[in-house]
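**Student:** Residue numbers (the working numbering), protein chains in the order written: chain A, 1 to 409; chain B, 1001 to 1409. All C-beta atoms in this analysis are idealised placements derived from N, C-alpha and C, irrespective of residue type, glycine included. Following this message is one structure expressed as structure tokens.
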């Protein structure tokens, strides 16, 4: 595999002595590498850096959730490990939430739900549970950078199914058929998609479930951004399809919906026979999700959900703001307007360099973080991912810098 | 490998369809399995269960740390991902702490320290970083149950080096030499030892570092209980030996020292060339340690450390209390008094059953959680692990129950 690390592209040499071949092959997701490099850059130059990089909502955690955290400090059990699969009350609330929001019926919270240290850990447990070395995992691509690393980390092989950029990064199910082999174990995708902002329609999701059934593979559905769609488009989960439920591992998150990325709290919902095994991996990785974050999550689900619609409307405004700025720079950038999540895959023109170099150049020269498109798979070549989860002020300032920067290109 | 799961021993059947061979081979550590089974038992019987199982201090997190958590809720960055390797201030404080407490010189906090979601995740990242399928990892044994699962999970082979029970679970370095092969990549041990309570002396640790140097292997030192020794015995880290520092991965924890098991916060200190790679695994597993727990850890390190000596003196009293109860039951149990940590490996007499059965029997009949010795490796056969981290009242009540129970044996 060619160079995939922004840190390596910036000149850093990695040690090989005593390092496993498996880990030599993977990278810190360039999403976080760019934050690490920006931290070094900021220290050197004393400059403040604007981040269109890692997707972190600019809002604070809603007050009613913080209040639940404060109260939880009076409970002795917040100091302590929870049950390994998570606090029973939280699993029960999650079951109710999934039933209500996704129409999934009769969930057994104690057997089918696992609370995790973020959606990232839930997906990692899912992959560990199904991958044996050499197994193939299909990825709708451009794909979330960490999904690629997670597959490699467990000895699997990511098989890229390219989305159709010209059609707004849409799925062509025939392309999935072309990539199936005897080694294919699962298909993994985020919906709404990070990084493309695609919202796969009910029809597309049903087609995917039929495809999975036909080939007897698992569906891993990363639904981190399920609440975040624009233009009244609805999110649809494969776990809502009765026939597909038992082969679906639904991974969810509190991070973006409740501005809780720092709490590292998420969950997985799957058939009992799968959760049984995911819990083994979960134990080996982190023992249990942080108790204090589980208490925050209980607070989040119990409160009224007004803050969520407020977040969506603010992010919708950010989307328009970033798109209008990109339109002004149409000599340099082009893009498909996202229907969900808070990312835009931006194609750069004029510069004949790989996306790592472009991203590092923008960081050094314009002091703006973007993520190299190559981090998301081969279709990301020639692109940068921009996040519009930062504040409108930061979007304005970032584009002021980018406009100045383009003048000198 | 023979049956290793308490849940399986209790009658549960695990699914095999679509589950990776690797994960089929591992178990939830029986330490947590027993809590899960106790939860089911409590629900069925309505009885309260006394836990000598999972090692959870009975104290609450000290007030000065909770106050730091409360304050952190006013900071917007608590809602957000931290830098992937951890908050810089925390890494700097940890460097200072390691220099002061272990005499390690000139630590580079930004390059040699990684903040993790508990010591468990630090050890897991370390193992992932050095194990290729089939590699051997030496374990001083009885060993922490999760270390066995973590090695298996990454495709490694745990090679057990038995400790000498009659000598208080002491190490015979010759036994390490007997187990070395070309496939040996590292030696992993906890010191003070979970589950035996051994504190390996400076002389023993230096012998281990020489052994590691001779065979060019990595040392993974789990120092979760470094603060918790009795009878004025001192803990000594292999990272304190200048020649061994670069081959040592020191994994540490806030869980027990500050009664913060629920916060899932720990760290690793290692050579920059190793940390570089551990960070890749860390990213794929959890992205970053919980921000709120990192803030709690900053609070913990900044405060005065009186609470720590208070905890040690309380746990020392618990040790004496549990040992005196065990002495009263000397017809049924025998043990070596631990010098550190808060566990006792208790040999059971009279019952001719494997430790899983004995542990389940005690749970069902006496409503007391103990951990089957077999979970800790072959030398654990015929033993149960008792934790004395619970309150003195719970120790009293647990032994009242055990005394009644032995009457009916």
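Do residue 238(A) and residue 217(A) have their beta-carbon atoms positioned less than 8 Å apart in this structure?
**Tutor:** Not closer than 8 Å, so no.
**Student:** In the DSSP assignment, find the alpha helix (DSSP H) that holds residue 942(B) and state where it starts and stops.
**Tutor:** Residue 942(B) is absent from the model: chain B starts at 1001 and stops at 1409.
**Student:** With DSSP collapsed to three states, give me the class of residue 117(A).
**Tutor:** If DSSP states are grouped into helix, strand and coil, residue 117(A) belongs with coil.
**Student:** Just to confirm my understanding: we take residue 1169(B), look at its own chain, exclude 5 residues before and 5 after, and list those with CB closer than 8 Å. What are they?
**Tutor:** Closer than 8 Å at Cβ, skipping near neighbours: 1142, 1163, 1193, 1196, 1197, 1198, 1336 and 1345.
**Student:** Nearest-angstrom Cα distance between residue 1(A) and residue 1276(B)?
**Tutor:** Low per-residue confidence applies at residue 1(A): pLDDT is 44, beneath 50, and the placement is therefore not dependable, though the value from the model is reported in the following sentence. So the two alpha carbons sit approximately 19 Å from each other.
**Student:** Secondary structure at residue 1173(B), three-state DSSP: helix, strand or coil?
**Tutor:** If DSSP states are grouped into helix, strand and coil, residue 1173(B) belongs with the helices.
**Student:** Is residue 1357(B) close to chain A, meaning its C-beta is less than 8 Å from at least one C-beta of that chain?
**Tutor:** Not an interface residue.
**Student:** Under 8 Å by Cβ, that's how I've got residue 224(A) and residue 253(A) pegged, so tell me the actual separation to the nearest angstrom.
**Tutor:** That belief holds up - the Cβ atoms of residue 224(A) and residue 253(A) are roughly 4 Å apart, short of 8 Å.
**Student:** Compare the C-beta of residue 1056(B) with all C-beta atoms of chain A and state if any pair is closer than 8 Å.
**Tutor:** It does: the Cβ of residue 1056(B) has a partner Cβ on chain A nearer than 8 Å.
**Student:** Comparing C-alpha positions only, which one of 1246(B), 1408(B), 1306(B) and 1161(B) sits nearest to residue 1173(B)?
**Tutor:** Out of 1246(B), 1408(B), 1306(B) and 1161(B), 1161(B) has the C-alpha closest to the C-alpha of residue 1173(B).
**Student:** Which class does residue 1001(B) belong to by DSSP, given the choice of helix, strand or coil?
**Tutor:** Residue confidence for residue 1001(B) is low, a pLDDT of 45 falling below 50, so the modelled location carries little weight; the figure read from the coordinates is stated next. DSSP places residue 1001(B) in coil when its eight states are reduced to three.
**Student:** Given that residue 332(A) touches chain B, what residues does it touch there, using C-beta distances under 7 Å?
**Tutor:** Near residue 332(A) there are no residues of chain B at all, since even the closest Cβ is about 29 Å away, more than 7 Å.
**Student:** Going by beta carbon distance, what residues of the same chain come within less than 7 Å of residue 1274(B), once the five residues before and after it are set aside?
**Tutor:** Once the five neighbours on either side are set aside, the close Cβ partners of residue 1274(B) are 1129 and 1249.
**Student:** Examine chain A for any beta-carbon lying closer than 8 Å to the beta-carbon of residue 1241(B), and answer yes or no.
**Tutor:** So no, residue 1241(B) is outside the interface.
**Student:** Contact between the stretch 1119-1133 of chain B and the stretch 1320-1329 of chain B is defined here as three or more beta-carbon pairs at a separation below 8 Å; is this criterion met?
**Tutor:** With a cut-off of 8 Å, the stretch 1320-1329 of chain B and the stretch 1119-1133 of chain B do not count as touching, because too few Cβ pairs lie within range.
**Student:** To the nearest whole angstrom, what separates the beta carbons of residue 1055(B) and residue 1389(B), a pair I think is in contact under 8 Å?
**Tutor:** Confirmed, about 5 Å.
**Student:** Chain B beta carbons: is any one of them nearer than 8 Å to that of residue 1(A)?
**Tutor:** The predicted position of residue 1(A) is uncertain, since its pLDDT is 44 and thus under 50; no value can be drawn from it.
**Student:** With DSSP as the reference, label residue 1345(B) as helix, strand or coil.
**Tutor:** Residue 1345(B): strand per DSSP, three-state reduction.
**Student:** Within a Cβ cutoff of 6 Å, which residues of the same chain sit near residue 1307(B), ignoring the five residues on either side of it in sequence?
**Tutor:** So the list reads 1062, once near-sequence residues are dropped.
**Student:** Quick check on residue 368(A) - is its C-beta less than 8 Å from some C-beta in chain B?
**Tutor:** Answer no: the Cβ-Cβ gap between residue 368(A) and chain B never drops below 8 Å.
**Student:** Would you verify that the beta carbon of residue 1053(B) is, or is not, closer than 8 Å to some beta carbon of chain A?
**Tutor:** No, no contact with chain A.
**Student:** Give the interface partners of residue 276(A) over in chain E, defined as CB-CB distance under 7 Å, in chain order.
**Tutor:** In the structure shown, chain E does not exist; the protein chains are A and B.
**Student:** Give a yes or no on contact between the stretch 1284-1296 of chain B and the stretch 1071-1090 of chain B, applying the rule of three or more CB pairs nearer than 8 Å.
**Tutor:** Touching, yes, given that three or more Cβ pairs across the two stretches are closer than 8 Å.
**Student:** Three or more C-beta pairs closer than 8 Å, one from the stretch 133-147 of chain A and one from the stretch 175-195 of chain A: is that the case here?
**Tutor:** Result yes; three or more Cβ-Cβ pairs closer than 8 Å.
**Student:** Determine the chain A residues that contact residue 1069(B) at a beta-carbon separation under 7 Å, and present them in chain order.
**Tutor:** Simply 73.
**Student:** Taking CB distances under 8 Å as the criterion, tell me whether residue 286(A) reaches chain B.
**Tutor:** Residue 286(A) counts as touching chain B.
**Student:** Taking the alpha-carbon of residue 1367(B) as reference, which of 1095(B), 1379(B) and 1399(B) has the nearest alpha-carbon?
**Tutor:** The residue with the shortest Cα to Cα distance from residue 1367(B) is 1399(B).
**Student:** Helix, strand or coil for residue 1354(B)? Go by DSSP, reduced to three states.
**Tutor:** Coil, per DSSP.
**Student:** Between which two residues does the beta strand (DSSP E) carrying residue 1264(B) extend?
**Tutor:** No beta strand (DSSP E) contains residue 1264(B), which DSSP labels as neither H nor E.
**Student:** I want to see whether chain B comes within less than 8 Å of residue 34(A), judged by CB atoms only; does it?
**Tutor:** By this cut-off, residue 34(A) is not an interface position.
**Student:** Thinking residue 1076(B) and residue 60(A) are a contact (beta carbons under 8 Å), I'd like their distance in whole angstroms, please.
**Tutor:** Going by Cβ atoms, the distance from residue 1076(B) to residue 60(A) rounds to 5 Å, so yes, they are a contact pair.
**Student:** Tell me, please, whether the CB atom of residue 1305(B) is closer than 8 Å to any CB atom in chain A?
**Tutor:** Not an interface residue.
**Student:** Using 10 angstroms around the beta-carbon of residue 995(B), count the other beta-carbons present and answer buried if the total reaches 16, otherwise exposed.
**Tutor:** One cannot answer for residue 995(B) here, as it falls past the ends of chain B, which runs 1001 to 1409.
**Student:** Identify, in the order they occur along the chain, each residue of the same chain with its Cβ nearer than 6 Å to the Cβ of residue 205(A), setting aside the five sequence neighbours on each side.
**Tutor:** 236 and 238, listed in sequence order.
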